[in-house]
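Residues in the sequence shown are numbered consecutively from 39, following the numbering used here.
All C-beta atoms in this analysis are idealised placements derived from N, C-alpha and C, irrespective of residue type, glycine included.
Here the structure is laid out as structure tokens; the discussion comes afterwards.
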Amino acid sequence: MNQTLAKRPAVTVAAVAERDGRFLVVEEHDSAGRLVINQPAGHLEPGEDILSAVMREALEETGWTFRPEFLLGVYLWEHPSKTHSYLRLAFGGKALEHDPARPLDDGIVHALWLTPDELAARGPQLRSPLVLQCVHDYLAGGRYPLELIKAYGGF
39 MNQTLAKRPA
49 VTVAAVAERD
59 GRFLVVEEHD
69 SAGRLVINQP
79 AGHLEPGEDI
89 LSAVMREALE
99 ETGWTFRPEF
109 LLGVYLWEHP
119 SKTHSYLRLA
129 FGGKALEHDP
139 ARPLDDGIVH
149 ALWLTPDELA
159 ARGPQLRSPL
169 VLQCVHDYLA
179 GGRYPLELIK
189 AYGGF
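Below is the structure:
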């Protein structure tokens, strides 16, 4: 793989929703077929604005309608293989309504709510270290206004 392209991060969004001390996550199969845990997250699609992307990803992966309320953080992570990297914009917000009959994205096994301790205990199963980092940042009170997110050019 071209090293220049490998270093160019893919833009992803992640939804961090907490209810009664539990966080909404998904169990999914990664590209290697491993069962991993992640926040509802995915890639920004062409022509899509960032907030619409996080709402879409949460709905497609969990069946929950997600309302972003704040920017939690911006994270740059290089996969240990050094073949790809990600720029993740994580948003905190509310999971409002659930449609249990909604089909979930390919690769998603199911959505579940886990405590921070339950997530930490599943460390090797976490898709990336960003999963637990986002929860820690949420619990530490990281909150930035959505007005920081700007889009220009037809979004």
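Each residue's CA atom was taken as its position, placing W151 and P84 some 30 Å apart.
The beta carbon of P106 is closer than 8 Å to those of A53, L89, V92, M93, F129, G130, G131, L184 in its chain, skipping five residues each way along the sequence. When DSSP states are grouped into helix, strand and coil, L142 belongs to the coil group.
Going by DSSP, R94 is part of the alpha helix (DSSP H) stretching over 88-100.
In the three-state reduction of the DSSP assignment, K45 falls in the helix class, which pools H, G and I. The beta-carbon distance between F108 and A133, rounded to whole angstroms, is 15 Å. This is too long to meet the 8 Å contact definition. According to the DSSP assignment, H122 belongs to no beta strand (DSSP E), since it is labelled neither H nor E. In this structure, DSSP gives A159 a helical state, which the three-state scheme calls helix. In the DSSP annotation of this structure, the continuous segment of the beta strand (DSSP E) that includes H67 starts and ends at 60-67. Setting aside the 5 residues that flank it on each side, E116 is surrounded in the same chain by S123, each with a C-beta closer than 6 Å to its C-beta; the list follows chain order. DSSP places H117 in the coil class of the three-state scheme, outside both helix and strand. In the displayed model, P154 falls within a helix according to three-state DSSP.
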